[in-house]
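Accompanying notes for the structure given below.
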Amino acid sequence: MNIENNVIANKEPLVRITKRAGISNYKAWAIRLIAVVFSLVVCALVIVAITGENPINVYLGIIAGAVGKTRRFWVTIRETMILLVIAIGLTPAFKMKFWNIGAEGQLLMGGLATAAMMIYFGDTLPNWLLLVLIFAVSSLAGIIWAVIPAFFKAYFNTNETLFTLMLNYVAIQIINFCIVYWENPAGSNTVGIINSTTQNGWLPKIFGLTYGWNVIIVLTITLIMFIYMKYGKHGYEIAVVGESHNTARYAGIDVKKVIIRTMILSGAICGLAGAIIVSGGSHTISISTGGGRGFTAIIVAWMSKFNPWAMIIVSAFLVFMQQGSIQIATQYGLNANASDIITGIILFFLIGCEFFINYKMEFHKKKREVQ
Amino acid sequence: MRNCVQQFRKMHVGGFFVKQENAIELMNVTKRFGEVIANDNVSLSVSKGEILSILGENGSGKTTLMNILSGIYFPDEGQIFVNGREVTIRSPKDSFALGIGMIHQHFKLVGVLTAAENIILGLPGKELLKMNQITAEIDQLTKKYGFDLNPSQKIYNMSVSQKQTVEIVKVLYRGADILILDEPTAVLTPQETKKLFDVLRNMRKAGKSIIIITHKLNEVLELSDRVTVLRKGKYVGTINTAEATVNSLAEMMVGAKVSLDIDRTDPVKLQKRLEVLGITSKNEEGLTVLKEVSFHASGGEILGIAGIAGSGQKDLLESIAGLQTIESGEILYYSPEGNTEKISDMKAADIRDLHISLAFVPEDRLGMGLVGSMDLIDNMMLRSYKNGKYFYTDRKKPKDLALAVVDKLDVDTPGVDTLVRKLSGGNVQKVLLGREIASSPTVLMVAYPVRGLDINSSYTIYNLLNEQKEKGVAVICVGEDLDVLLELCDRILVLAGGKVAGIVDARKSAKEELGLMMMGSGKGGHTNEH
Chain A
1 MNIENNVIAN KEPLVRITKR AGISNYKAWA IRLIAVVFSL VVCALVIVAI
51 TGENPINVYL GIIAGAVGKT RRFWVTIRET MILLVIAIGL TPAFKMKFWN
101 IGAEGQLLMG GLATAAMMIY FGDTLPNWLL LVLIFAVSSL AGIIWAVIPA
151 FFKAYFNTNE TLFTLMLNYV AIQIINFCIV YWENPAGSNT VGIINSTTQN
201 GWLPKIFGLT YGWNVIIVLT ITLIMFIYMK YGKHGYEIAV VGESHNTARY
251 AGIDVKKVII RTMILSGAIC GLAGAIIVSG GSHTISISTG GGRGFTAIIV
301 AWMSKFNPWA MIIVSAFLVF MQQGSIQIAT QYGLNANASD IITGIILFFL
351 IGCEFFINYK MEFHKKKREV Q
Chain B
1001 MRNCVQQFRK MHVGGFFVKQ ENAIELMNVT KRFGEVIAND NVSLSVSKGE
1051 ILSILGENGS GKTTLMNILS GIYFPDEGQI FVNGREVTIR SPKDSFALGI
1101 GMIHQHFKLV GVLTAAENII LGLPGKELLK MNQITAEIDQ LTKKYGFDLN
1151 PSQKIYNMSV SQKQTVEIVK VLYRGADILI LDEPTAVLTP QETKKLFDVL
1201 RNMRKAGKSI IIITHKLNEV LELSDRVTVL RKGKYVGTIN TAEATVNSLA
1251 EMMVGAKVSL DIDRTDPVKL QKRLEVLGIT SKNEEGLTVL KEVSFHASGG
1301 EILGIAGIAG SGQKDLLESI AGLQTIESGE ILYYSPEGNT EKISDMKAAD
1351 IRDLHISLAF VPEDRLGMGL VGSMDLIDNM MLRSYKNGKY FYTDRKKPKD
1401 LALAVVDKLD VDTPGVDTLV RKLSGGNVQK VLLGREIASS PTVLMVAYPV
1451 RGLDINSSYT IYNLLNEQKE KGVAVICVGE DLDVLLELCD RILVLAGGKV
1501 AGIVDARKSA KEELGLMMMG SGKGGHTNEH
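Heads up: the protein sequence lines correspond to chains A and B, in order. Numbering-wise (our numbering), the first sequence opens with residue 1 and increments by one. Numbering-wise (our numbering), the second sequence opens with residue 1001 and increments by one.
If you want it as structure tokens, here you go:
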């Protein structure tokens, strides 16, 4: 049985991929920074290929679009806050390894509840009471949309990914239905700006800032969630359940209870995000009220490794690029998808660079000849 | 190059066995994983018709080295020679073509197929499968080496030892001349081990080269011709087994003199703590895993639980700890204050809320006992996180506890804020055991407490268990090494197929007796009730 003669010393593989034992924070962030730079270069190349403009001008256009005027600057802040609060809302669910991809639906339901409150109680209730009611009802709507899949997950171990995803479409259809009822003006197939003259149910100005309340509410939620997750017993339970249900049972944690309780929290924040969008920004409701931010926030949460402070930076950067590319799209006569392309390129690099943070490549060094 | 090999051989083997040609020779093999050097300049050789033991503690790089030979890892440096020719092994396929066959600790067999089907699985064959001819070939092989195997038996009907036989025959059928066995006796009873060794000796006679990876010193002495010792990835030396003793091997393995005695005291002031009355339970698939199990455990003694892997040990401990529901039967707890609590319908949280201090070190350390992605401090509070004030967790006490455990049990960690999953197996176990003992339990249940631990740590753990026993704790210890159970415990309960095969006095029983009971063929043993 001398088959071994058939195997002559094979060549070593050219590239070997090995897992890194560990990487310093400094190095990891350096890799991410390089990825950002690369993504900007590729974005520039794409834009130049489409518009034929000088890339420097294009980037100046992006900056001008995002923060060039006071109004644009505050729109960027407003959008950042919305993306941030959704990501914060998703954090406890993801920490528990409950793959909630239904934030879009949860925030749409929150937004729908807000619009309903504004339409039906806008003329009868004082503004402060109406706002309190809006927050309560929008949270409740988000909770309902989140607790349904949580209940089925806890008691029947259904797949939460499919369940939450499908509920997004249900939410969209409900909104379509309501738009028919609330159409204003008739035949426009939109709800229009709600209470545009009375501004009832709109988040008021604070310190003379239009979006002041948005910032205060979102940063407060961020801080509370940070403490809840890091120092609270609930946060600890969520982390244990996320690691292993067996460990949780061993520790005497009621896994079902934690799943449902955490999704109530997650859904409430996402529902609240809907209220902040409608009451604190758009003042209308449509199926594009979510604008895919329920999905973008998933990426924000993961890229930040669930660190709330990193989430602020990541969401600010993404929104900055989005707002900027909306500007250059109009400037150079491109359609709205240009901003999606830019966001896509940036995300590709940012997510792709995680590979280089976790693994390193070893290239084949020429070995000395034997014999 | 050849000269160099010859010189090397003389140098390392010291002139023994030089006449025989080396089937395998590793020269200065180094393998790194990031910063960790798993194998640092390791050299070894096996001749034709020789059994070589590779001895080393967990984490000494034995398995990495064998994975290099079987093509799973690629070495960073060093050369490999097979039958005197230098080779590069890039994949398990290459390794097989060189006639190297590896029998892994975890079997890779298809349960619904027969032994013969598993043996030919993946082999190129003719369009028409002639099962009769294949069966005849397999029979011929098994007869030659003295295996006990029915080729048409389905795998799911087989015992662990039979499955292992299939794995061995599988590599032989494919023409392997060099067999590597990774901890082959870990799952076998003493009788099965003896049978395996007989077969291995027959194979040696037929000119096969065999490498067995082990950390059991007795087996090294019993079976192998030579033994190569590794310590922390480094090559320590190779000696002839005839010149070695248990103590000299242990010393080579650890690098310092070790005492291999367990200081067992006689139980005093026995107090009945736990009584299990006829419990029966089923697993998720609805199969009965425990049948009418009855026994008691007393404070001041160590009750050992022996049995072939999967005989219901896990289910028994989890039922007591309130992690599994039982179909019938009762579990009673007698508190030191004289109260009797029926804990069989309670969940883990209820038992904790009653202030019954039932410590439990489960078999699955990172899947149940600890949270790998948390640091030592957070893991210390896993079972007591509710003690914090109001809404917050208290991290001060767990931190003190973590520091105390690290200090007392000599845990090798950069700090108490290191993630538990980054620790080695032995240190993980120390953290878990340290936490459970710190809860000053009245009942302490441990499953395989020294699995994966080095000798010194193992003896630290045995002493800790003895310490608990002397404090009056009822210790229940599930173990796999019968020698140790016989030395450590006061009584041993043997489980076979979910039933109690017998409860024996550890001071008066022999290993073989336990082995027979484990296989369910014992006469029930003599029950020894206090």
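Even glycine gets a Cβ: it sits at the ideal position worked out from N, Cα and C. Since we're looking at a predicted model, the values are computed, not measured.
- prompt: Just curious, the beta strand (DSSP E) that B:Gly-1078 is in, first and last residue?
  reply: Start and end: 1077-1082.
**Prompt:** Once you ignore the five residues that flank A:Ser-304 on each side, which residues in its own chain have a CB closer than 6 Å to its CB?
**Reply:** Ala-310, Met-311, Val-314, listed in sequence order.
DSSP state of B:Ile-1239 mapped onto helix, strand, coil: Three-state result, B:Ile-1239: strand.
Check your understanding: B:Asp-1364 touches chain A at which residues, Cβ-Cβ below 8 Å?
Key -> Simply Asn-246.
- request: Would you mind working out which of B:Ile-1279, B:Thr-1214, B:Glu-1330 sits nearest B:Asp-1454, comparing C-alpha positions?
  value: Nearest option by C-alpha distance: B:Thr-1214.
Query raised in the report: Which ranges would you report for the alpha helix (DSSP H) in the segment 1201-1237 of chain B if only whole runs of at least 4 residues count?
Result: If only uninterrupted alpha helix (DSSP H) runs of at least 4 residues are considered, those enclosed by the segment 1201-1237 of chain B are 1217-1223.
* **Per-residue DSSP class, three states only, for A:Ile-346** => Here DSSP, grouped into helix, strand and coil, assigns A:Ile-346 to helix.
| query | Would you say B:Gly-1369 reaches chain A, if we count a Cβ-Cβ gap shorter than 8 Å as a contact? | reply | Output row for B:Gly-1369: interface = yes.
Nearest-angstrom Cβ-Cβ length linking A:Leu-84 and A:Val-218, presumed shorter than 8 Å:
Taking 8 Å as the upper bound for CB-CB distance, A:Leu-84 and A:Val-218 are in contact here, some 6 Å apart.
Item to check | beta-carbon B:Gly-1520 near the ligand HEM non-hydrogen atom, thresh 7 Å | outcome: With respect to the ligand HEM, the structure offers nothing, as it holds no ligand at all.
If we ignore side chains and look at the alpha-carbon of each, how far apart do A:His-234 and B:Tyr-1334 end up?
-> About 33 Å.
A:Phe-226 - containing alpha helix (DSSP H), residue span: That run of the alpha helix (DSSP H) goes 212-231.
Practice item. Establish whether the CB of B:Lys-1393 and some CB of chain A are separated by less than 8 Å. Key: Looking at the sequence itself, residue 1393 of chain B is Thr, so the reference to Lys does not match. Interface residue, yes.
Taking only beta-carbon atoms, is B:Met-1066 less than 8 Å away from chain A?
-> Taking a beta-carbon distance threshold of 8 Å, B:Met-1066 does not count as an interface residue toward chain A.
Practice problem: Go to A:Cys-178, then tell me how far its beta strand (DSSP E) extends in each direction, as first and last residue. | Solution: First-last for A:Cys-178: 160-182, but that is the alpha helix (DSSP H), not the beta strand (DSSP E).
Q: For A:Trp-202, count neighbouring C-beta atoms within 10 Å of its own C-beta (all shown protein chains included) and say buried if the count is 16 or more, exposed if not.
A: Per the 10 Å Cβ criterion, buried.
Looking at chain A, which residues of the segment 1028-1056 of chain B have a Cβ within less than 7 Å of any of its Cβ atoms?
Only those residues of the segment 1028-1056 of chain B whose C-beta falls short of 7 Å from the nearest C-beta of chain A are listed: Phe-1033, Gly-1034, Glu-1035, Val-1036.
- Query: At a Cβ cut of 8 Å, what residues of the segment 203-231 of chain A count as close to chain B, listed as they run along the chain?
  - Reply: Here the close residues are Tyr-231.
>> Please list, in chain order, the residues of the segment 315-341 of chain A that have any C-beta partner in chain B closer than 7 Å.
In response: Close to chain B, meaning a Cβ-Cβ distance shorter than 7 Å, is no residue of the segment 315-341 of chain A at all.
inquiry  = As a quick exercise: from B:Leu-1221, B:Ser-1095, B:Lys-1396, pick the residue whose alpha carbon is nearest that of B:Gly-1071.
reply    = Of the listed residues, the one whose Cα sits closest to B:Gly-1071 is B:Ser-1095.
How should B:Ala-1256 be labelled, buried or exposed, when 16 other C-beta atoms within 10 angstroms of its C-beta is the threshold for buried? By the 10 Å Cβ count, B:Ala-1256 comes out exposed.
Q) Between B:Ala-1402 and B:Ser-1045, what straight-line distance do the alpha-carbon atoms span, to the nearest angstrom? A) Rounded to whole angstroms, B:Ala-1402 and B:Ser-1045 show a C-alpha spacing of 44 Å.
Check: Whose C-alpha, out of B:Leu-1109, B:Ala-1097, B:Glu-1470, is nearest the C-alpha of B:Asn-1157?
Finding: Comparing C-alpha distances from B:Asn-1157 to each of B:Leu-1109, B:Ala-1097, B:Glu-1470 shows the shortest one belongs to B:Leu-1109.
>> Restricting to Cα atoms, I'd like to know which of B:Gly-1307, B:Arg-1090, B:Ser-1424 is closest to B:Glu-1512.
In response: Here the closest residue by C-alpha is B:Gly-1307.
For B:Asp-1378, report the span of its alpha helix (DSSP H) as first-last.
Taken as a continuous stretch (DSSP letters only), the alpha helix (DSSP H) holding B:Asp-1378 covers 1376-1380.
Query raised in the report: For A:Val-15 and chain B, any beta-carbon pair shorter than 8 Å?
Result: Closer than 8 Å: no.
As a quick exercise: from B:Arg-1491, B:Leu-1423, B:Gly-1146, B:Leu-1465, pick the residue whose alpha carbon is nearest that of B:Gly-1452.
Cα-wise, what sits closest to B:Gly-1452 is B:Leu-1423.
- Determine the DSSP secondary structure at A:Thr-18, reduced to helix, strand or coil. Reduced to three states, the DSSP call for A:Thr-18 is strand.
Worksheet item: What three-state label does DSSP hand B:Gln-1271 in the structure shown?
Response: Strand at B:Gln-1271.
Kindly indicate which residue of A:Trp-302, A:Ser-266, A:Ala-338, A:Tyr-231 has the alpha-carbon position closest to the one of B:Ile-961. Nothing about residue 961 of chain B can be reported from this structure: the residues present for chain B run from 1001 to 1530 only.
Delimiting residues of the alpha helix (DSSP H) encompassing A:Lys-96 = Looking at the sequence shown, residue 96 of chain A is not Lys but Met. If you look at A:Met-96, you'll find it isn't in any alpha helix (DSSP H); DSSP assigns it neither H nor E.
**Q.** Anticipated Cβ contact below 8 Å, B:Val-1428 with B:Leu-1366, distance rounded
**A.** Contact between B:Val-1428 and B:Leu-1366 holds, since their C-beta atoms are separated by about 7 Å, short of 8 Å.
- Tell me whether B:Met-1346 sits in a helix, a strand or coil according to DSSP, three-state version. It is coil, neither helix nor strand.
(message) Let me make sure I understand the geometry here. Which of A:His-283, A:Ile-342, A:Asn-358, A:Gly-252 has the alpha-carbon closest to that of A:Met-118?
(response) Closest option to A:Met-118, Cα to Cα, is A:His-283.
Review point. Quick one: complete beta strand (DSSP E) runs, 3+ long, within the segment 1020-1058 of chain B?
Key: Counting whole runs of 3 or more residues, the segment 1020-1058 of chain B contains the beta strand (DSSP E) stretches 1022-1033, 1036-1047, 1051-1055.
Quiz prompt | Rounded separation between A:Leu-112 and A:Gly-52 - CA only | solution = A:Leu-112 and A:Gly-52 have their alpha carbons spaced roughly 43 Å apart.
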